[in-house]
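Protein chains in written order, with my numbering: chain A, 1 to 102; chain B, 1001 to 1102; chain C, 2001 to 2136; chain D, 3001 to 3136; chain E, 4001 to 4130; chain F, 5001 to 5130.
Only one structure is covered here, and it is reproduced in the block below.
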Amino acid sequence: MASLHTVNKSPFSINSLKSCLEHANDGDTILLIEDGIYGALKGSEISQIVADKIGSLSIIALEPDMKARGIDSSKILTGIITTNYDGFVELAAKHDVCQAWL
Amino acid sequence: MASLHTVNKSPFSINSLKSCLEHANDGDTILLIEDGIYGALKGSEISQIVADKIGSLSIIALEPDMKARGIDSSKILTGIITTNYDGFVELAAKHDVCQAWL
Amino acid sequence: MSEQVKKFLYVNRKAPYGTIYALESLEVVLIGAAFDQDVSLAFIDDGVFQLTKGQDTKEIGVKNFSPTYRALGDYEVTKLYVEKESLIERGLSTDDLQELTYEDEDDDWAEKPSIRIVSRKEMGELMGNQDVVLSF
Amino acid sequence: MSEQVKKFLYVNRKAPYGTIYALESLEVVLIGAAFDQDVSLAFIDDGVFQLTKGQDTKEIGVKNFSPTYRALGDYEVTKLYVEKESLIERGLSTDDLQELTYEDEDDDWAEKPSIRIVSRKEMGELMGNQDVVLSF
Amino acid sequence: MKFGILISEGPYTHQAADSAYHFTKAALKTGHEIDRVFFYHDGVNVGTRLSIPPQDERNLQKDWSALAKKHEIDLVICIAAAQRRGLLDENEAKRQGKDANNIAEGFRISGLGQLIEMGIKSDRLMTFGD
Amino acid sequence: MKFGILISEGPYTHQAADSAYHFTKAALKTGHEIDRVFFYHDGVNVGTRLSIPPQDERNLQKDWSALAKKHEIDLVICIAAAQRRGLLDENEAKRQGKDANNIAEGFRISGLGQLIEMGIKSDRLMTFGD
């Protein structure tokens, strides 16, 4: 079994991403949406914590939310891929359960 | 001039208290209300950060919010005093400006 | 309606009273109990504050719903997983929590504790083994 | 109504779009500009994300209000203090921010930058020197 | 695949109702089913017909009502959460002695059991909140 | 001393409206003045007369209406925030072609200028929000 975790909060303000990273199991996927996409930024004070998990976890950022916030692929960590809403639906369908970190 | 800062968020979830502590000036007062009172707990992972500021800042916790959450004076850091709503009003009146960390 | 039995996990990550999520989560659990599913509750992060004893909300004029956790056993909600690391980070120990129990009908109605202290790793595994996860 | 001139500081600590606070803060600033007070804006913590360039909200169906910051100069809102440490913690530099300017009527309408980068210590001092602080 | 959608925050204040809307549209477009959308916590406020967002902004209530009509989606507002927050239909208003109601077309008020039922019957439950 | 009170979050969901209420009562009791309470963001939802909290809970709308009546406090709801969220008075409902309104007694709807004016005229502005 594998879970899809969604994180919609900025990791600089709220501890949701941190808690999610500490609870997700190997092979799970974390989708960063809304203000959660700031967790994908490279060169930030929390980048290393996220980077360390790439590989054992799949980390994906929602493009429409990145664009809204002026963040393009050049600004995010290597190994984080992006998707759109169709991809979000596909991710939800192919994982066994979805857990939102609010 | 001295400011009264109010913090109403749990420091374990949200960065308001941390930001407030880093921006308050010597002689200012921080009043912990609502979920902010968890910042007064001793023995927590953030207690030392708070304790280090006691003295240069006055840190006060709102009793009605402590009681609601089952926290009595024995559980909070030495040097943090408590007050009630009347005291809250008095604090607001005697400081030059009030700033809420939401 | 409930031929199918699914594993439901209610994840509580927020402190009581400052926001309504803890109370409205409890309301879902109580209603959900009637559906005969396999129910577990998880208390992590600030959610562990929901279970502390000695809550007295008179002076803030808000209803004290902490006694309701003690009623969960009667609703056959008997698995309350509390994360050890979340307690420690907050300077709490199990002594700070209410004692919650249920009567085990498979064991001659013996009174047993509902709270199960688990590590963060065990909590992650529990989360990964559910059919429906509701987050509050 | 406005014989009295007070120092108003608007403190912006939240990212745009995820919540409405950034937009509704801007609405207060625009209305407040008519009152001829001494207005400053502070951008700290996630508030610095409000000023990034290249925002394009088409695909989330939400109104892009980032161009409005460029209009603030016309409303004589000319002091936007942005905290250096908040930028650095987020991997941002001033190059990531919009260029915001105003025309200085006391200096032959010369075009000047509205954004002033300050340290956390300076931001604290600025906050301590206000009559009214509005937090968003 | 059958999705159930839980919306936990009010419109405009948080992006949750927007994200849920875009997810739902994408799910329908890619051949999935959406049985029900359940509105809880401040999410109940999505269902008021009295909101008047600025003309240059989206109207989330109307967007949800239209999507539900087109695809026969059941939009359910939690009664307990709705009463606290002042979201009523005609029957509730009458029963409670209130002189007005504010529910929008396509939404209905019901109990929390509908959320549990959605969890049981759907293949995936998606939560959008704060 | 003259206090202005800003409430930025809705009732029940966040404790802000409660804290503001207790602060206001204490200020009045200890001899201070409260000119105005301004409701912004989701705070506008405090002013709906359609809310029906459970019988064993406080009723924040009624508590505020009663306190305002007793002490002649001006309860002002921001019009822009209110329109987005569906809080209307009779005039606004008529002007916008809506068939109902939901504002409670003692509250009035006005512009953001009233918040700035409160900041100018009061000795201290207190913010309660999220």
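All C-beta atoms in this analysis are idealised placements derived from N, C-alpha and C, irrespective of residue type, glycine included.
Rounded to whole angstroms, the Cβ separation of Lys5025(F) and Leu5088(F) is 28 Å, and the two are not in contact under 8 Å. As computed with DSSP, Phe2008(C) is found in a beta bridge with Val2039(C) and Val2132(C). Taken in chain order, the whole alpha helix (DSSP H) runs of length 4 or more contained in the region 3075–3116 of chain D are 3084–3089.
Look at the beta carbons and you see the region 5076–5084 of chain F touching the region 5044–5052 of chain F: at least three pairs across the two are nearer than 8 Å. With a threshold of 16 other beta carbon atoms within 10 Å, Arg1069(B) meets it and is buried. Closest by C-alpha distance to Leu4112(E), out of Lys4029(E), Phe4038(E), Asn4102(E) and Ala4017(E), is Phe4038(E). Where Ser1058(B) is concerned, the enclosing beta strand (DSSP E) starts and stops at Ser1058 to Leu1062. DSSP places Ser3(A) outside any alpha helix (DSSP H); the residue lies instead in the beta strand (DSSP E), whose first and last residues are Ser3 to Val7. If you compare the alpha carbons of Asn25(A), Ala24(A) and Ser10(A) with that of Tyr38(A), the shortest gap goes to Ser10(A).
Following the DSSP letters along the chain, one finds Glu4117(E) in no beta strand (DSSP E) but inside the alpha helix (DSSP H) bounded by residues Gly4113 to Lys4121. Cβ-Cβ distances below 6 Å link Glu2122(C) to nothing in the same chain once the five nearest sequence neighbours on each side are left out.
In this structure, Ile1060(B) and Leu1032(B) form a Cβ contact; the two beta carbons are roughly 7 Å apart against a cut-off of 8 Å. When Cβ pairs closer than 8 Å are counted between the two stretches, the region 2056–2066 of chain C is seen not to touch the region 2104–2114 of chain C, the count staying below three.
When rounded, the separation of the alpha-carbon atoms in Val50(A) and Asp72(A) is 18 Å. Of all alpha-carbon atoms in Lys5098(F), Ala5027(F) and Ser5110(F), the one lying nearest the alpha-carbon of Ala5081(F) is that of Ser5110(F). From the beta-carbon of Asn15(A), no residue of chain D is found nearer than 8 Å; the closest lies around 14 Å away. Collapsing the DSSP output to three states places Pro3016(D) in a strand. Within chain E, no residue has its CB atom less than 9 Å from the CB of Lys3121(D), the nearest being about 33 Å off. Ala3033(D) and Tyr3010(D) have their alpha carbons spaced roughly 12 Å apart. His5014(F) is bridged by DSSP to Thr2019(C). Taking a Cβ-Cβ threshold of 8 Å, the residues of chain C close to Gln5015(F) are Tyr2017, Gly2018, Thr2019, Ile2060 and Val2062, in chain order. The Cβ atoms of Arg5036(F) and Ala5104(F) do not sit closer than 8 Å to each other. Put simply, the backbone Cα of Tyr2021(C) is about 26 Å away from that of Ile1030(B). In the DSSP assignment, Phe5039(F) forms a beta bridge with Ile5007(F) and Ile5077(F). Among the residues of chain A, those whose CB is under 7 Å from the CB of Phe4023(E) are Tyr85, Phe88 and Val89, following chain order. With respect to the 8 Å criterion, Gly4031(E) and Leu4125(E) are not classified as neighbours on the basis of their beta carbons. Annotation: the continuous beta strand (DSSP E) that includes Ser4110(E) extends over Phe4107 to Ser4110.
In the DSSP annotation of this structure, the continuous segment of the alpha helix (DSSP H) that includes Gln5061(F) starts and ends at Leu5060 to His5071. Against chain C, the beta carbon of Gly1027(B) has no neighbour under 7 Å; the closest one sits roughly 28 Å away.
Cβ atoms of Thr3101(D) and Gly3073(D) come within 8 Å of each other, at about 6 Å. Interface flag for Gln2130(C) against chain E is unset, since no Cβ pair is found closer than 8 Å. A straight-line Cα-Cα distance of about 20 Å links Ala100(A) and Gln4114(E).
If you draw a straight line from the Cα of Val1089(B) to the Cα of Met2127(C), it comes to about 45 Å. When DSSP reads this structure, Ala1100(B) sits in a beta bridge with Thr1006(B). Inter-residue distance for Asp1096(B) and Glu3024(D) is about 26 Å (C-alpha atoms, whole angstroms). In chain order, Gly2061, Val2062 and Lys2063 make up the part of chain C whose C-beta sits under 9 Å from the C-beta of Arg5058(F).
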